[in-house]
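S.K.: In the numbering used here, the protein residues as written are -2 to 480. One structure follows; several queries about it will come next.
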RNA sequence: GCUCCCAUCGACUAGGGGUUAGGUCAUCACUCUUUCACAGUGAAAACACGGGUUCGAAUCCCGUUGGGAGCGCCA
């Protein structure tokens, strides 16, 4: 049994689509689970779509995700180079082999002719548009003189008719296409760069890729690849076409209907673990009821056999839930450190926050947030004075006698040097009983005064965390504003 | 239009000849909590349709319908 080798072969066109991240993840998981190699190859054969910095971004994302690759840019390997743009001579050489075997031919047709041809075929309502093999019939002399004259040309695959192309897909089983339907695919573009089809097949073979695991959108072009393997006389790798990630309307996941770039999710504050966990479950399950996974667990559980066939809708609600779960699973100190970082980019930047203060905020808020930034968004009152008071809550909880009640409460804590959480509780209960009211008559106004809102952590926690001085200040302010 | 792929609750899925068709998210209710959450309990919620095979079909086969993807000198 030969070594399992898989690759993630993105095209550096800018951002990374979340669907591509899942493809990378499945490749990575499959490699690690089977003890195989995971290779990163950059498919930069389209000069027109080149984007500055895209490769760095790609590598950075791999690192962020924790997908350590065994071979690839910056890491080397025995099958390099791993940039297709640096393998041009290899493609040319292989194209020559095909030319010699008469499996491929030169084509001098202009883009205009091809466009016209396509339009004409569409007008005639032909079942499919494809190249008419015009240049296949050029004589050797014509070809040579055209080449000598420096005429722009491409090289096409010569697809023979009347053939049935069958292959086995690991996920979908036997798939077959009639060769009539396969176009004479361009292998080499007029700029001397190969197309995806050629470069991909040549590299997968040369890099000894055993399993081609990629998105389902590639299934229809797989017959072209099979034909190429045949033309070269190479053994087919195992194909595995992954189900697509879908929008809510079940179309292929795309911009317009939400965020699709991995970066978008990073920026929004999703944890790496949560995003990985989530996309792993989009199209795969271990078969049990487990929903919460870390990457190492995914590695040990993942098998290609358990990947589904049908597309999966990207449901942000479940992602949010997983983010919440992963956030809570962290140590308070770790969350506090993350919070400290996020505060630096918030409107609270520049302020000093002691560790134990942040840890206390984390402790009382962690069951109430899904994202780190919500610690200061939802519980802003730990970071600034409330400047307004929630109207509905004022109406409901702020009574005529509230100021008087709060005055009594203030008196009780004023004399305590260091007020503990329990002291606040005792003071509150004493206030209630002295005033002959229920605890709620103290709690609600106090909550409103200190936080400005009606929900949040326990009121004693709030008072304790903001401290005696601020508690008193805020009560005074509330009384003067609300009367 | 043509080719290929797909089809279990709203979403992700388990189950693959005999199940009260299970779990998770979301939704709703109750409990806990004088707040908001968390948690717990419960509810509602699905085998696209039609034929066949079989004692028996969500499960196997065929068809229909529906959905999707692909049909570039893009990948």
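Virtual Cβ for every residue (Gly too), placed ideally from N, Cα, C.
1) Pull up the distance between the alpha-carbon of residue 49 and that of residue 284, whole angstroms please.
2) Opposite residue 183 in the DSSP bridges: which residues?
3) Once you ignore the five residues that flank residue 350 on each side, which residues in its own chain have a CB closer than 6 Å to its CB?
4) What separation, rounded to the nearest whole angstrom, lies between the Cα atoms of residue 401 and residue 417?
5) According to the Cβ coordinates, are residue 76 and residue 203 closer than 8 Å?
6) Is the beta carbon of residue 259 closer than 8 Å to that of residue 251?
7) For residue 4, count neighbouring Cβ atoms within 10 angstroms of its own Cβ and tell me buried if that reaches 16, exposed if not.
8) Let me check understanding here. Comparing Cα to Cα, which of 40, 28, 24 and 2 lies closest to residue 11?
9) Could you pull out every residue in the same chain whose Cβ sits closer than 8 Å to the Cβ of residue 381, ignoring the five residues on either side in sequence?
10) For the stretch 439 to 450 against the stretch 465 to 478, are there 3 or more C-beta pairs whose distance is under 8 Å?
11) Can you give the Cα-Cα distance for residue 388 and residue 29, rounded to whole angstroms?
12) Which stretch, first to last residue, makes up the alpha helix (DSSP H) that contains residue 117?
13) Which ranges does the alpha helix (DSSP H) cover as unbroken runs of at least 4 residues, wholly within the stretch 245 to 295, from first to last along the chain?
14) Would you call the stretch 367 to 374 and the stretch 326 to 341 touching, i.e. three or more CB-CB distances under 8 Å?
15) Should the stretch 11 to 22 be regarded as contacting the stretch 50 to 64, the criterion being three or more beta carbon pairs within less than 8 Å?
16) What's the call for residue 145, buried or exposed, on a 16-neighbour Cβ count within 10 Å?
17) I'd like to confirm the pairing. Which residues does DSSP put opposite residue 171 in its beta bridges?
18) Quick one: give me the first and last residue of the alpha helix (DSSP H) that residue 460 is part of.
19) Quick one: grab the DSSP three-state call for residue 7.
20) Please tell me whether residue 79 and residue 38 are closer than 8 Å, where the distance is taken between their beta carbons.
21) What is the rounded straight-line gap between the Cα of residue 432 and the Cα of residue 398?
22) Do residue 442 and residue 403 have their CB atoms nearer than 8 Å?
M.R.: On the basis of the supplied data:
1) 42 Å
2) 153
3) none
4) 23 Å
5) yes
6) no
7) buried
8) Between residue 11 and the set 40, 28, 24 and 2, the nearest pair of CA atoms involves 40.
9) 345
10) yes
11) 56 Å
12) Run containing residue 117: 108 to 120, per the alpha helix (DSSP H) assignment.
13) 259 to 264 and 269 to 277
14) Taking 8 Å as the limit for Cβ pairs, the verdict is that the stretch 326 to 341 does touch the stretch 367 to 374.
15) Contact holds: three or more Cβ-Cβ distances are below 8 Å.
16) exposed
17) 165
18) 456 to 463
19) coil
20) yes
21) 10 Å
22) The answer is yes: Cβ separation under 8 Å.
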